[in-house]
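Below is one structure, written out as structure tokens; the observations come after it.
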Amino acid sequence: MEPITQEDVFLILKLIEESKYDEMHLEIGDLKIDLKKQGNRASVADSKCVSEKTAKPVVPVPPPEKMKKDKRALDTADALTDESGLIPIKASLLGTFYRAPKPGAPAFVEAGQNIAADDTVCIIEVMKLFNTVKAGVSGRIAKICAKDGEMVEFQQTLFLVQEAGDLDEGMRKSA
Amino acid sequence: MKVARVFVANRGEIALRIIGACRDLGIETIVAVSAADRESKPAKAAGRAVCIGPPQAIHSYLKVQTIIAAALGSGADAIHPGYGFLAERPDLAEACEENGLIFIGPTADNIRKMGDKLLAREMSRKLGIPIIPGSEMVATSDEAQKAATKLGFPVLIKAAAGGGGKGIKTVNAPEKIKEVFEEASGEALAAFGDGRLFIERYIPDARHIEVQIIGDRQGHIIHLFERDCSLQRRYQKMLEEAPSPVMTAELRERICDAAVRIAAHIGYENAGTIEFVFDQDQKRFYFLEMNTRIQVEHPITEMVTGVDLVKEQINVAAGNPLSISQADVKVSGHSIECRINAESPDRNFHPSPGRIDAWDPPEGEGIRIDSHCYAGCVVPPYYDSLLAKLVTWGTDRFDAVKKMQYALDHFTISGVDTTVPFHQHILKNKDYLEGRINTRWIEDTVLGEYGK
Chain A
180 MEPITQEDVF
190 LILKLIEESK
200 YDEMHLEIGD
210 LKIDLKKQGN
220 RASVADSKCV
230 SEKTAKPVVP
240 VPPPEKMKKD
250 KRALDTADAL
260 TDESGLIPIK
270 ASLLGTFYRA
280 PKPGAPAFVE
290 AGQNIAADDT
300 VCIIEVMKLF
310 NTVKAGVSGR
320 IAKICAKDGE
330 MVEFQQTLFL
340 VQEAGDLDEG
350 MRKSA
Chain B
4 MKVARVFVAN
14 RGEIALRIIG
24 ACRDLGIETI
34 VAVSAADRES
44 KPAKAAGRAV
54 CIGPPQAIHS
64 YLKVQTIIAA
74 ALGSGADAIH
84 PGYGFLAERP
94 DLAEACEENG
104 LIFIGPTADN
114 IRKMGDKLLA
124 REMSRKLGIP
134 IIPGSEMVAT
144 SDEAQKAATK
154 LGFPVLIKAA
164 AGGGGKGIKT
174 VNAPEKIKEV
184 FEEASGEALA
194 AFGDGRLFIE
204 RYIPDARHIE
214 VQIIGDRQGH
224 IIHLFERDCS
234 LQRRYQKMLE
244 EAPSPVMTAE
254 LRERICDAAV
264 RIAAHIGYEN
274 AGTIEFVFDQ
284 DQKRFYFLEM
294 NTRIQVEHPI
304 TEMVTGVDLV
314 KEQINVAAGN
324 PLSISQADVK
334 VSGHSIECRI
344 NAESPDRNFH
354 PSPGRIDAWD
364 PPEGEGIRID
374 SHCYAGCVVP
384 PYYDSLLAKL
394 VTWGTDRFDA
404 VKKMQYALDH
414 FTISGVDTTV
424 PFHQHILKNK
434 DYLEGRINTR
444 WIEDTVLGEY
454 GK
């Protein structure tokens with residue numbers, strides 16, 4: 180069985196929220212989820228997650244209210260005082276960070292831009308060897324953390340991405 | 004040229020040693036760290052630590068291009084390679100030159116000339132410096148057989164690209180030579196990318212004597228006398244001392260003179276060590292090989308001469324003449340170094356990585372410890388197992404021995420196994436104390452009696 184993803188959790192949440200039922204019991208293989216609506220909102224934080232074999236909680240997700248706040252914060256200048264919940268794209272090697280394929284060319288990505296997992300987001304150059312870096316995650320570029328033309332270290336955070344799952348949920352909520 | 008910011012391309016105690024020397028000279032430092040060394044003492048001691056890659060050395064400390072990119076990217080003007088890793092890689096020295104960085108070490112040409120052990124032997128022979136009787140390159144096991152028969156068994160089969168005790172095999176009898184030759188050839192090719200082999204006569208009662216030299220770009224070369232590194236296990240040094248207890252004034256003068264002539268012949272720059280095998284039966288020495296780097300055991304030379312070799316390396320790499328002349332170099336007293344490794348002497352020196360729970364080194368007059376360890380630090384499994392170099396200095400050998408006995412007895416390390424108990428055993432051994440040892444002594448005598 181495929182492991183349950185954050186996206187799946189949102190789908191499940193959506194399911195119960197839009198339903199007229201107050202409780203939901205879900206079993207997928209060894210994974211059992213009990214969800215209960217409290218008042219008007221449902222949240223994973225309030226629900227009981229039981230995985231019999233792994234005993235691992237499902238992906239921790241902030242309650243919807245907070246996510247809406249995050250989405251709003253993204254549009255403002257003082258965004259991302261709280262960067263938790265964003266996915267970092269890290270440097271897989273040490274080298275010089277370039278945002279564009281060549282000097283003067285437009286950057287691969289800009290802040291706020293939507294990206295797919297196999298989009299190239301930058302180049303890291305090591306002694307004339309140019310290594311393209313793929314996003315590895317789909318979503319929206321929330322922040323560019325490295326400076327063009329400067330050295331980045333191994334595992335240094337280059338970009339912060341708001342993952343697609345978060346984004347959809349956020350947009351659906353604010354719509 | 005001025006050296007204002009040094010990039011340290013190494014880890015552990017030698018990285019800390021280089022950072023310390025730079026600090027004294029008012030030079031800024033940046034240290035390369037792998038992901039496993041982010042929290043290391045050198046990372047904290049340097050002006051900046053730059054993470055160059057994952058823990059495995061092959062993807063971090065051994066990547067020439069990454070080291071150069073990191074040095075350039077952090078605004079360094081020089082690279083110190085320490086020992087091991089890239090220290091004897093001519094391509095690093097060359098890449099430094101191409102990128103306007105100073106390599107704190109010999110030239111690429113120096114490293115190449117001495118890296119090929121067959122070429123180095125030939126050069127020594129031409130200079131009239133004795134080499135161990137042996138063969139030219141042997142291409143087949145038949146050639147090896149012929150050469151070995153002429154020399155007389157036992158013989159050593161050595162890799163032309165070897166060195167530092169690597170790529171050596173002993174053959175005791177003619178019927179074994181084919182098998183050992185094939186094995187050695189394959190191993191040399193795999194380890195050094197060069198399968199060439201040659202054969203040397205085995206000298207049964209030998210000491211390992213080496214001479215520290217340093218040269219500047221103006222062509223001055225001086226020696227800083229000898230070290231005796233005869234206490235070895237599997238060709239790896241365990242305990243070293245300076246001066247050698249078996250050198251007479253006449254022998255010392257000849258061996259140091261030979262070392263300077265070899266270095267001068269190739270226009271050697273920076274610090275290096277010429278190694279010799281001393282035949283105790285015949286009272287003769289033979290050129291073995293040259294190591295084109297600062298060595299692990301350099302502190303004992305510093306203790307008896309008062310010269311800071313790492314500072315002098317930086318000085319000459321910047322293009323300055325040596326700050327001392329041969330006449331300034333005098334030996335005073337005696338110094339011993341014990342290599343404290345994270346190894347279990349009780350389990351055939353099996354590596355013992357892990358977390359060091361307690362670390363309480365000895366203190367006192369005449370005790371020096373070069374180490375990057377502290378209580379709570381982790382000894383990662385990826386690198387060599389050296390934890391500390393415990394060095395003592397005494398007015399004479401007896402005094403240095405007494406201090407070492409005390410220091411070993413008062414070195415508390417827990418969490419990992421160490422070679423401290425093994426050194427304690429050696430330092431109480433009558434043969435060691437009276438100087439009746441050779442390069443085979445640990446393996447032939449000590450290992451058998453240790454733990455009984």
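If you're matching them up, the sequences are chains A and B in order.
Residues 180 to 354 (the numbering used here) make up the first sequence, in order.
Residues 4 to 455 (the numbering used here) make up the second sequence, in order.
Glycine included, every Cβ here is placed at the ideal spot set by N, Cα and C.
Beta carbon proximity, residue i to chain B, threshold 9 Å
i	result
A:Gly318	no
A:Gly274	yes
A:Leu337	no
A:Asp249	With a pLDDT of 39 at A:Asp249, under the threshold of 50, the predicted position of this residue should be treated as unreliable, and no value is reported.
A:Val305	yes
A:Leu265	no
A:Glu231	Confidence is the limiting factor: at A:Glu231 the pLDDT is only 35, short of 50, which leaves the residue's position unreliable, though a coordinate-based value still follows. No, A:Glu231 does not count as interfacial toward chain B.
Cβ of residue i within 9 Å of any chain A Cβ
i	result
B:Leu75	yes
B:Ala39	no
B:Ile160	no
B:Val11	no
B:Glu31	no
Bridge-paired residues (DSSP) for residue i
i	result
B:Asp420	B:Asp420 is not bridged to any residue.
B:Ile135	DSSP, once it has assigned bridges, lists no residue as partnering B:Ile135.
B:Phe10	B:Ile33 and B:Ile82
B:Arg92	None; B:Arg92 has no bridge partner.
A:Pro267	A:Leu339
B:His226	B:Ile216
B:Phe184	None; B:Phe184 has no bridge partner.
B:Thr415	B:Asp363
B:Met140	B:Phe201
B:Phe106	B:Ile82
Extent of the continuous alpha helix (DSSP H) to which residue i belongs
i	result
B:Gly118	Ala111 to Gly118
B:Asp373	Premise fails: B:Asp373 lies in the beta strand (DSSP E), Ile370 to Ser374, not in any alpha helix (DSSP H).
B:Val67	Val67 to Gly76
B:Ala52	First-last for B:Ala52: Arg51 to Gly56, but that is the beta strand (DSSP E), not the alpha helix (DSSP H).
B:Ala48	Lys44 to Ala48
B:Lys433	Lys433 to Leu436
Contact test: residue i Cβ vs the ligand GDP heavy atom, cutoff 8 Å
i	result
B:Pro364	The ligand GDP is absent from the structure shown, which contains no ligands of any kind.
Boundaries of the beta strand (DSSP E) in which residue i is found, first to last residue
i	result
B:Gly23	B:Gly23 -> not in any beta strand (DSSP E); alpha helix (DSSP H) instead, spanning Gly15 to Leu28.
B:Leu200	Leu200 to Arg204
B:Ala3	For residue 3 of chain B there is no data in the structure shown, the boundaries of chain B being 4 and 455.
B:Glu213	Ala209 to Gly218
Quiz item: If you measure beta-carbon to beta-carbon, which residues of the stretch 104 to 115 of chain B are closer than 9 Å to chain A?
Solution: none
Practice problem: Select from the stretch 49 to 64 of chain B all residues with a C-beta closer than 8 Å to any C-beta belonging to chain D, and list them in chain order. | Solution: The structure shown contains no chain D; the protein chains it does contain are A and B.
Practice problem: Return the chain-ordered ranges of every beta strand (DSSP E) run that is complete within the stretch 149 to 179 of chain B and spans a minimum of 3 residues. | Solution: 158 to 166 and 169 to 174
Practice problem: Could you tell me which uninterrupted alpha helix (DSSP H) segments, each at least 4 residues in length, are contained entirely in the stretch 273 to 353 of chain A, listed from first to last along the chain? | Solution: 343 to 353
Self-check item: Members of the stretch 69 to 98 of chain B near chain A, C-beta cut-off 7 Å
Solution: Cβ contacts with chain A: Thr69, Ile71, Ala72, Ala73, Gly76 and Ser77.
Quiz item: Of all the residues that make up the stretch 310 to 334 of chain A, which are near chain B by a beta-carbon distance shorter than 9 Å?
Solution: Glu329, Met330, Val331, Glu332, Phe333 and Gln334
Quiz item: Which whole runs of the alpha helix (DSSP H) in the stretch 229 to 315 of chain B are 4 residues long or more, in chain order?
Solution: 252 to 268 and 301 to 308
Self-check item: Contiguous beta strand (DSSP E) assignments of at least 3 residues, all confined to the stretch 335 to 413 of chain B
Solution: Whole beta strand (DSSP E) segments, 3+ residues: 337 to 344, 361 to 363, 370 to 374 and 389 to 397.
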